[in-house]
Each structure stands twice: as C-alpha cells, then as structure tokens.
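280 is the number that this note's numbering gives the last residue of the sequence shown; the numbers go up by one with no jumps.
Before any comments, here is the structure.
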Amino acid sequence: MKKKGTLIILAILIGIAVYFTFKATHHDDTLTLYGNVDIRDVNVGFRVGGRLMELNVDEGDEVHREQLLARLDPAPYEREVNAAQAAVNQQKAALAYAQTVFAREKRLSGTGASTVDKYQNALASQDGASASFEKAKADLSQAILRLEDTYLYSP
126 MKKKGTLIIL AILIGIAVYF TFKATHHDDT LTLYGNVDIR DVNVGFRVGG
176 RLMELNVDEG DEVHREQLLA RLDPAPYERE VNAAQAAVNQ QKAALAYAQT
226 VFAREKRLSG TGASTVDKYQ NALASQDGAS ASFEKAKADL SQAILRLEDT
276 YLYSP
C-alpha cells in the first residue's frame, strides 16, 4: 500500500512537471493590447502665401475632419483667376480667327488663288493658336486651384 501511495504521488508530480514544462516552452506569438491612440500634433499649412484673414481655431482646440481652420485673403487669387479667364477668352478668339484664316487659305489653295506659303502660314498660325488656347485653359485651372488653396481645412 505504501508503494501504491508513493506511485500515485510520483505520477502526480510527473504530471505537474510535464504541464509546467510544456507551458514554459509553448508560447503564443499573439500580442493583444487595449487602449486609445491620441494624435496630438498634426502639421498643416497653406499651399499658397498670403495675408491671414480668418483663424477659426486656437492651440489645443479639438478639430474635426475637414473643418475650416483658416482662410487667406482671396483677393489676389481672385484677380489671378479673372486675368486667366480673360486670357482664355482672348486665346479662344485668336483660335477662331486662325481657324477662319486657315479655312479660307485651304479653300483658296485648291483653286490656285493662294500660295502654298500662305496656306502653310495659316496652318502654323492655327496650330499655334490652338496651343496657346490650351495653355490658357491650363493656366486658368492652376489659378482656380490657387484660389481654392486660400482655404485651409483639417485633414
């Protein structure tokens, strides 16, 4: 009976040793963390320069997504948009004139009433006017973008 009790205690001790050995050597690679992440500082700035007209937040204020933070004086950028729009209109008129001249020279060159040189000049003028018109439109798009950039919104 004494042997039987000793064997039971020995079996229990071996079981406990195997359990702790297995637990110590078998690690779970998963790490679980709980909590909140607070972003405290975000650097933002205007993409254009100018005089500050409006500041809607102070340091330390809570800011929401896409909230208007500040605004620059838009007047110089509005004038730039107006000038760019005038340039588009001017280049559009120049293109229309160049297209009319080219059409006339094309028609006249077929009858022999005009020279090849005049025809080629009219074609080159039309191509140049077309390129100038496209550039004026691109300049207008840039001016509009700069005007929009006078408003600073939170990310």
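The C-beta atom is built at its ideal place from N, Cα and C for all residues, glycine as well.
Remember, predicted model here, so these are calculated numbers, not experimental data.
- Taking 7 Å as the cut-off, the Cβ atoms of A209 and L265 count as close.
- As computed with DSSP, E179 is found in a beta bridge with R196.
- Excluding sequence positions up to five before and after Q251, its CB lies within less than 6 Å of the CB of A223, Q224, F227, all in the same chain and listed in chain order.
- Distance between A142 and T131, taken at the CA atoms: about 16 Å.
- Between L220 and A254, the CB-CB gap stays under 7 Å.
- Q216 and K260 have their alpha carbons spaced roughly 9 Å apart.
- In the three-state scheme derived from DSSP, where H, G and I count as helix and E and B as strand, L138 is classed as helix.
- Between L180 and A200, the CB-CB gap reaches or exceeds 7 Å.
- The beta strand (DSSP E) runs of length 3 or more contained entirely in the segment 193 to 269 are, from start to end of the chain, 193 to 197.
- Linking K128 to L135 through their CA atoms gives a straight-line distance of about 10 Å.
- In the same chain as G170, and ignoring 5 residues on each side of it, the C-beta atoms closer than 8 Å to its own belong to L277, in chain order.
- About 4 Å separates the beta carbon of S239 from that of L233, a gap short enough to meet the 8 Å contact definition.
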